[in-house]
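Student:
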Amino acid sequence: MFKSIPSLCLLVAGLSASFVAADEAAPKPIRALIITGGCCHDYDFQTKSIKQAAVDRGVNIEWTVVKDGGNGTDAQIALYDDPDWAKGFDVVIHNECFANTTNADYIRKITSVHKAGVNAVVIHCAMHTYRAAKIDDWREFLGVTSRMHEHKSEYPVRAVAVEHPIMKGFPADYKTPMDELYVIEHVWPNTEVLARSTSEKTGQTHPVIWTSKYGKARVFGTTYGHSNETFSDQVFLTTLTRGIQWAAGRLAE
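Note that the sequence shown covers residues 53 to 305 in the numbering used here.
1. State the Cα-Cα distance for the pair K80 and V111, rounded to the nearest angstrom.
2. Nearest by alpha-carbon distance to A304: which of Y226, I218, P223 and V235 is it?
3. When you compare only the Cα positions, how much space is there between A299 and V239?
4. How about E244 and A269: are their beta carbons less than 9 Å apart?
5. Taking E122 as the reference, give the member of R109, D134, D94 and A105 with the closest Cα.
6. Go ahead and pull the three-state DSSP assignment for S56.
7. Quick one: what's got a C-beta closer than 8 Å to T116's C-beta in the same chain, skipping five residues either side?
8. Taking 7 Å as the limit between beta carbons, can you name the residues of its chain near C92, skipping five residues before and five after?
9. Per DSSP, D231 is paired with what?
10. What are the complete beta strand (DSSP E) segments, minimum 3 residues, inside the stretch 111 to 157?
11. According to DSSP, simplified to helix, strand and coil, what is I218?
12. For R109, count neighbouring C-beta atoms within 10 Å of its own C-beta (all shown protein chains included) and say buried if the count is 16 or more, exposed if not.
13. With 9 Å set as the bound, which would you pick, yes or no: does the beta-carbon of P79 sit closer than that to a beta-carbon of chain D?
14. Inspect the CB distances between the stretch 154 to 162 and the stretch 284 to 292 and report whether three or more fall short of 8 Å.
15. Only counting the same chain, and skipping five residues up and downstream in sequence, which positions put a Cβ closer than 6 Å to that of A74?
16. For H238, which beta-bridge partners are listed by DSSP?
17. Hey, could you find the ends of the alpha helix (DSSP H) Y95 is sitting in?
18. How long is the line joining the alpha carbons of T154 and D188, rounded to whole angstroms?
19. According to DSSP, A211 sits in a beta bridge with which residue or residues?
20. Taking the C-alpha atoms as reference points, what is the distance between G195 and I175?
21. Starting from the Cα of K204, find the closest Cα among Q104, G90, T125 and E281 and give me that residue.
22. What does the Cβ neighbour count give for M179, buried or exposed, with the cut at 16 atoms within 10 Å?
23. Determine the contact status of K265 and E202, defining contact as a CB-CB distance below 9 Å.
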């Protein structure tokens, strides 16, 4: 039996303060928006894999997914008509594939928001999205320019920035599952290449993993990510998850 009601009150108050302190100490989830759709890939499988990879690695992410634009190469997603389309998110993951969309005003609805400070992750066909556009805004945002890819193969990936936190633990002898090598014709200023692969046709090396600064935003990119096999590969998924954390400012430097 408690000796007095004041003692009980003090005990309850102490426990309450402990729970509040523990709650305040717990890291808030990363708020991530995935925008996906377009041609050529199994976006439902890819989205599921991205989300599960975070769970498997103990990374707390609160997801919102927008899949729009059908399965063609020319679409304008209604989401971007809202000037506040990215409000409240720590990072936006672009996994779209709309090569033939060219409307400059539409494209700038996206890039202007990122330039103002919305962080991003760009995967595979995001690099060929809007490639028919005359303006370079999207390409500068990506950090690289690519308009074509080479054949599918199991490409060795060589880390060139081994000290970067995203590349921590990246294996020296890693080869991709069957995937496409994107031909990078230009690397934009403020881009740091983290890893490269070599063309089996030309012998040229191309960036395949990188980070970039676009205005106030942090951008992580990878050109790999074509197949379900890639999105089942644990090295790819670990690197992608760490890239999401880095872009959101939640990966220890």
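All C-beta atoms, glycine included, are put in the ideal place defined by N, C-alpha and C.
Tutor: Looking at the coordinates:
1. Taking the straight line joining both Cα atoms gives about 11 Å.
2. Considering only alpha carbons, the answer is I218.
3. Rounded to whole angstroms, A299 to V239 spans 19 Å at the Cα level.
4. No.
5. Before going on, a small fix: residue 122 reads as Gly here, not Glu. Answer by Cα proximity: D94.
6. Low local confidence applies: a pLDDT of 49 at S56 is under 50, so the model's placement there is unreliable, with the coordinate-based value given in what follows. In the structure shown, S56 sits in coil (DSSP, three-state: anything other than H, G, I, E or B).
7. Around T116, the same chain offers R83, A84, L85, I86 and F141 as residues with beta carbons nearer than 8 Å, after the five sequence neighbours per side are excluded.
8. Excluding positions up to five away in sequence, the list reads C149 and C177.
9. According to DSSP, D231 bridges with S205.
10. Listed in chain order, they are 113 to 119 and 143 to 149.
11. Correct three-state label for I218: helix.
12. It counts as exposed.
13. Judged by its chain identifiers, the structure shown contains no chain D, having just a single protein chain.
14. No, the stretch 154 to 162 does not touch the stretch 284 to 292.
15. With a pLDDT of 40 at A74, under the threshold of 50, the predicted position of this residue should be treated as unreliable, and no value is reported.
16. DSSP lists T197 as the beta-bridge partner residues of H238.
17. First-last of the alpha helix (DSSP H) with Y95: Y95 to D108.
18. Whole-angstrom Cα-Cα distance: 11 Å.
19. When DSSP reads this structure, A211 sits in a beta bridge with A247.
20. Between the alpha carbons of G195 and I175 lies a distance of about 12 Å.
21. The shortest Cα separation from K204 among Q104, G90, T125 and E281 belongs to E281.
22. Residue environment analysis places M179 among the buried positions, since at least 16 neighbouring C-beta atoms fall within 10 angstroms of its C-beta.
23. Cβ atoms of K265 and E202: not closer than 9 Å.
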